[in-house]
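Working notes for the structure below.
Number of protein chains: 2
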Amino acid sequence: MSRTGLREDRLERIGAMLAGQSHLKLAAIAADLGVSEMTIRRDVTESGGRFACLGGHVIGAHNDVAGDYVLEKEHDQHAAAKLAACAKAARLIEEDDTIFIDCGTTTPRLAALLPAEMRLTAICYSLNVAEILSRRQNTRLILLGGLFHPAAASFSGEPALEQLRRLSINKAFISAGGVHETRGVTCSHFHEVPVKQAAIERAVDSYLVVDASKFGKVRAAHFAETGAFASIVSDQD
Amino acid sequence: MSRTGLREDRLERIGAMLAGQSHLKLAAIAADLGVSEMTIRRDVTESGGRFACLGGHVIGAHNDVAGDYVLEKEHDQHAAAKLAACAKAARLIEEDDTIFIDCGTTTPRLAALLPAEMRLTAICYSLNVAEILSRRQNTRLILLGGLFHPAAASFSGEPALEQLRRLSINKAFISAGGVHETRGVTCSHFHEVPVKQAAIERAVDSYLVVDASKFGKVRAAHFAETGAFASIVSDQD
DNA sequence: TTCATAATGTTAAATGCGTAACATTATGTT
DNA sequence: AACATAATGTTACGCATTTAACATTATGAA
Numbered sequence: 036m037s038r039t040g041l042r043e044d045r046l047e048r049i050g051a052m053l054a055g056q057s058h059l060k061l062a063a064i065a066a067d068l069g070v071s072e073m074t075i076r077r078d079v080t081e082s083g084g085r086f087a088c089l090g091g092h093v094i095g096a097h098n099d100v101a102g103d104y105v106l107e108k109e110h111d112q113h114a115a116a117k118l119a120a121c122a123k124a125a126r127l128i129e130e131d132d133t134i135f136i137d138c139g140t141t142t143p144r145l146a147a148l149l150p151a152e153m154r155l156t157a158i159c160y161s162l163n164v165a166e167i168l169s170r171r172q173n174t175r176l177i178l179l180g181g182l183f184h185p186a187a188a189s190f191s192g193e194p195a196l197e198q199l200r201r202l203s204i205n206k207a208f209i210s211a212g213g214v215h216e217t218r219g220v221t222c223s224h225f226h227e228v229p230v231k232q233a234a235i236e237r238a239v240d241s242y243l244v245v246d247a248s249k250f251g252k253v254r255a256a257h258f259a260e261t262g263a264f265a266s267i268v269s270d271q272d
Numbered sequence: 036m037s038r039t040g041l042r043e044d045r046l047e048r049i050g051a052m053l054a055g056q057s058h059l060k061l062a063a064i065a066a067d068l069g070v071s072e073m074t075i076r077r078d079v080t081e082s083g084g085r086f087a088c089l090g091g092h093v094i095g096a097h098n099d100v101a102g103d104y105v106l107e108k109e110h111d112q113h114a115a116a117k118l119a120a121c122a123k124a125a126r127l128i129e130e131d132d133t134i135f136i137d138c139g140t141t142t143p144r145l146a147a148l149l150p151a152e153m154r155l156t157a158i159c160y161s162l163n164v165a166e167i168l169s170r171r172q173n174t175r176l177i178l179l180g181g182l183f184h185p186a187a188a189s190f191s192g193e194p195a196l197e198q199l200r201r202l203s204i205n206k207a208f209i210s211a212g213g214v215h216e217t218r219g220v221t222c223s224h225f226h227e228v229p230v231k232q233a234a235i236e237r238a239v240d241s242y243l244v245v246d247a248s249k250f251g252k253v254r255a256a257h258f259a260e261t262g263a264f265a266s267i268v269s270d271q272d
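As you go down the protein sequences, you meet chains A and B in turn.
Each residue of the first sequence is one higher than the one before, counting from 36 in this note's numbering.
Each residue of the second sequence is one higher than the one before, counting from 36 in this note's numbering.
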């Protein structure tokens with residue numbers, strides 16, 4: 036039994052060193068902590084997935100959304116479809132637009148597909164989308180903050196809603212877990228409902244960005260009818 | 036001259052595929068884009084640091100704060116001192132505390148050094164701190180949103196300030212660019228001033244977390260006197 | 001069409017990573 | 001103190017990654 040917890044201490048220090056950096060040389064960490072590279076290797080393998088060793092470097096394993104492994108799997112399955120839908124959505128965006136990007140597993144791809152040099156104002160309320168947008172040069176980013184929900188990596192709260200209601204949006208890109216002819220458009224997380232609704236209300240045009248697997252599905256939280264959208268952007272028709 | 040920009044297209048698609056994942060197999064990307072691994076390798080080297088190849092995988096280079104290379108360098112210089120200061124600060128935190136963590140290059144390390152299993156409520160207003168905190172299991176995270184400032188990776192805005200003024204904080208961990216006996220405590224970014232001040236006001240105890248290199252320095256934006264803090268937590272005395 | 005140039009594919013060799021096996025040192029117990 | 005066990009260090013070898021060099025295919029211009 037490791038009474039001392041030295042390994043855990045080192046892992047925390049590795050985490051601290053990694054804060055900011057994307058990857059660090061195995062040798063550098065070993066030198067910094069005054070142990071051998073082999074020990075760092077062993078630490079990383081025992082870290083339970085917090086870190087990973089790749090090509091002599093350590094990287095933070097940085098799993099998108101902590102916990103939600105179900106979503107993560109679904110993610111991979113329809114990855115190509117989502118990418119296709121996002122590519123279409125990205126073509127709708129013009130220079131100097133003010134866009135709203137919803138949360139979920141589809142929308143980060145849209146954020147990543149925005150033309151690199153295009154001047155934009157982007158509004159979002161999820162951590163993974165914000166992170167992608169924050170790296171852009173010519174984009175003004177507004178993140179609606181509040182209480183963090185790990186399942187969707189999104190935030191919720193009245194102050195943020197108030198702020199959203201005072202913003203004007205050209206194009207809102209909304210995602211959904213289900214699109215049904217009679218039951219309308221639904222998602223899984225109730226706290227997202229008021230945000231999505233406010234975004235749709237404030238936007239000149241709203242677009243529903245979903246892969247075709249969502250058609251016919253129904254989720255718990257209803258937030259709009261299909262008629263609320265200027266168009267449904269999907270990999271198929 | 037690459038008139039077509041195929042490479043750039045692929046880089047965007049790689050970015051989109053990487054959205055969420057920390058790393059992706061080189062072979063998987065090559066298969067998805069229908070090109071050879073060698074081409075992906077060349078893309079990555081020509082990406083100007085956006086991506087990196089490590090151990091047969093591609094990772095997002097994920098540079099902490101886009102742009103601020105000056106800070107990034109200073110960062111590295113006093114890295115050990117900052118880590119030491121943060122380690123001391125981390126020891127002040129107890130189970131079930133509500134803590135405020137400031138923005139900057141020091142505080143991400145504090146966030147990373149928080150005991151892994153400790154139950155906490157954490158308030159922050161910078162993207163890099165939020166990202167680290169969001170991976171914790173037993174922590175309720177509140178991010179103060181608003182307009183993004185790339186230089187400090189932080190957010191500002193009246194709605195977030197209002198929200199902060201309604202929160203109660205046990206311990207606020209504040210960073211600074213300068214600590215001076217007569218000129219007080221200062222930082223470089225004016226938009227941070229009202230946030231820091233509100234946090235100090237709402238906190239039972241505020242702690243100034245700085246490495247010793249900050250002593251005697253003065254920056255443009257004044258936000259507090261040294262007397263406002265329960266103690267100054269630094270690598271030296 | 002023909003040519004020049006860019007883009008991509010293929011192959012092959014060497015560097016360096018990753019793993020295992022064993023040696024050594026620390027730690028705690030009786 | 002002597003022992004058992006955990007923790008770390010060292011070495012060496014197989015193999016995947018990486019790089020370079022060259023072959024091939026696309027692209028655009030004259």
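Backbone N, C-alpha and C define an ideal beta-carbon position, used for all residues, glycine too.
Next on the checklist: Does the structure place the stretch 73-81 of chain B close enough to the stretch 112-119 of chain B that three or more beta carbon pairs sit under 8 Å?
Outcome noted: No, they do not touch.
Checklist entry - Thinking C-alpha only, which one of B:K123, B:V93, B:A62 is nearest Q271 of chain B? => result The residue with the shortest Cα to Cα distance from Q271 of chain B is B:K123.
Item to check | CB contact flag (F86 of chain A, A238 of chain A, <8 Å) | outcome: Not a contact, by the Cβ cut-off of 8 Å.
Next on the checklist: Pop quiz: C138 of chain B and S161 of chain B are said to be a contact at Cβ under 8 Å. What is the actual Cβ separation, rounded to whole angstroms?
Outcome noted: 3 Å
Next on the checklist: Three Cβ pairs or more, each shorter than 8 Å: is that satisfied between the stretch 227-237 of chain A and the stretch 206-214 of chain A?
Outcome noted: yes
Next on the checklist: Contact criterion: CB-CB distance below 8 Å. Does G50 of chain B meet it with respect to chain A?
Outcome noted: yes
Next on the checklist: Quick check on the DSSP output: the beta strand (DSSP E) that includes C88 of chain A runs from which residue to which?
Outcome noted: C88 of chain A: member of the beta strand (DSSP E) spanning 86-89, first to last residue.
Checklist entry - How would you write the range of the beta strand (DSSP E) that K60 of chain B sits in, first residue to last? => result Annotation: the continuous beta strand (DSSP E) that includes K60 of chain B extends over 58-60.
Next on the checklist: Am I right that I128 of chain A and F183 of chain B are in contact with their C-beta atoms under 8 Å? What's the rounded C-beta distance?
Outcome noted: Between F183 of chain B and I128 of chain A the Cβ distance is about 19 Å, and since that is not below 8 Å, they are no contact.
Item to check | T217 of chain B, buried or exposed, once every other Cβ within 10 Å from all chains shown has been counted against 16 | outcome: exposed
Checklist entry - Looking at L46 of chain B and the ligand GTP, is the gap between the Cβ and the nearest heavy atom below 7 Å? => result For the ligand GTP, the structure offers nothing, since it holds no ligand at all.
Next on the checklist: For L155 of chain A, tell me which candidate among A:R200, A:A146, A:P143, A:T133 has the shortest Cα-Cα distance.
Outcome noted: Considering only alpha carbons, the answer is A:T133.
Next on the checklist: Relative to the C-alpha of L68 of chain B, which candidate in B:L46, B:C88, B:Q56 has its C-alpha closest?
Outcome noted: Residue B:L46 is the option with its Cα nearest to L68 of chain B.
Checklist entry - Does any residue of chain B bring its CB to less than 8 Å from the CB of E227 of chain A? => result It does not; no Cβ of chain B falls within 8 Å.
Next on the checklist: Contact criterion: CB-CB distance below 8 Å. Does L118 of chain A meet it with respect to chain B?
Outcome noted: yes
Checklist entry - From R175 of chain B to A247 of chain A, what does the alpha carbon distance come to, in whole angstroms? => result Spanning the two alpha carbons is a distance of roughly 35 Å.
Checklist entry - Within 8 Å (strictly less), CB to CB, does G83 of chain B reach chain A? => result no
Item to check | Cβ distance (whole Å) where R144 of chain A is taken to contact A54 of chain B below 8 Å | outcome: 5 Å
Checklist entry - Does DSSP classify N163 of chain B as helix, strand or coil? => result Helix, per DSSP.
Checklist entry - Below 8 Å between beta carbons: does that hold for A186 of chain B and I167 of chain B? => result no
Checklist entry - Going along the chain, which residues of its own chain have a beta-carbon closer than 7 Å to the beta-carbon of G251 of chain A, five neighbours each way excluded? => result Cβ neighbours of G251 of chain A within its own chain (closer than 7 Å, five residues either side excluded): H215.
Next on the checklist: Report the CB separation of G192 of chain A from Q198 of chain B in whole angstroms; it is logged as a contact under 8 Å.
Outcome noted: Contact flag correct, Cβ pair sits at about 7 Å.
Checklist entry - What does I167 of chain A touch in chain B if you count any residue whose Cβ is under 7 Å from its own? => result Ordered by position in chain B, the residues that pass the 7 Å Cβ test against I167 of chain A are A54.
Item to check | Spatial distance of K60 of chain B from G95 of chain B (CA atoms) | outcome: 12 Å
Item to check | R144 of chain A at chain B interface by Cβ criterion, 8 Å | outcome: Answer yes: the Cβ-Cβ gap between R144 of chain A and chain B drops below 8 Å somewhere.
Next on the checklist: Only counting the same chain, and skipping five residues up and downstream in sequence, which positions put a Cβ closer than 6 Å to that of H58 of chain B?
Outcome noted: Only H92, I94 meet the Cβ criterion.
Next on the checklist: So the candidates are A:R200, A:F264, A:D44, A:E260; which of them puts its Cα closest to the Cα of P150 of chain B?
Outcome noted: Cα-wise, what sits closest to P150 of chain B is A:D44.
Checklist entry - For L202 of chain B, which residues of its own chain have a beta-carbon under 8 Å away from its beta-carbon, when the five flanking residues on both sides are left out? => result T133, I158, I177, R237
Next on the checklist: Rounding to the nearest angstrom, what Cα-Cα distance links S296 of chain B and G212 of chain B in this structure?
Outcome noted: Residue 296 of chain B lies beyond the stretch modelled for chain B, which goes from 36 to 272, so this question has no answer here.
Item to check | Contact check, T261 of chain B vs V230 of chain B, beta carbons under 8 Å | outcome: No, the pair does not count as a contact, with Cβ atoms beyond the cut-off.
Item to check | Close Cβ partners of D240 of chain A (< 6 Å) along its chain, the five nearest in sequence each way excluded | outcome: Taking C-beta separations shorter than 6 Å and ignoring five residues to either side along the sequence, the partners of D240 of chain A in its chain run K206, A265, following chain order.
Next on the checklist: According to DSSP, simplified to helix, strand and coil, what is N98 of chain B?
Outcome noted: Here the model assigns N98 of chain B a pLDDT of 49, short of 50, so the residue's position is not dependable, and the following value carries that caveat. Coil at N98 of chain B, not helix or strand.
Item to check | Reference A114 of chain B; option with closest CA among A:S269, A:Q56, A:F258 | outcome: Comparing Cα positions, the closest option is A:Q56.
Checklist entry - So what does DSSP say about S169 of chain B, is it helix, strand or coil? => result Three-state result, S169 of chain B: helix.
Checklist entry - Based on Cα-Cα distance, which residue from A:Q172, A:A188, A:L196 lies nearest to G181 of chain B? => result A:L196
Checklist entry - Which term fits F225 of chain A, buried or exposed, when burial requires 16 or more other beta carbons within 10 angstroms of its beta carbon? => result When all chains shown are included, F225 of chain A counts as exposed.
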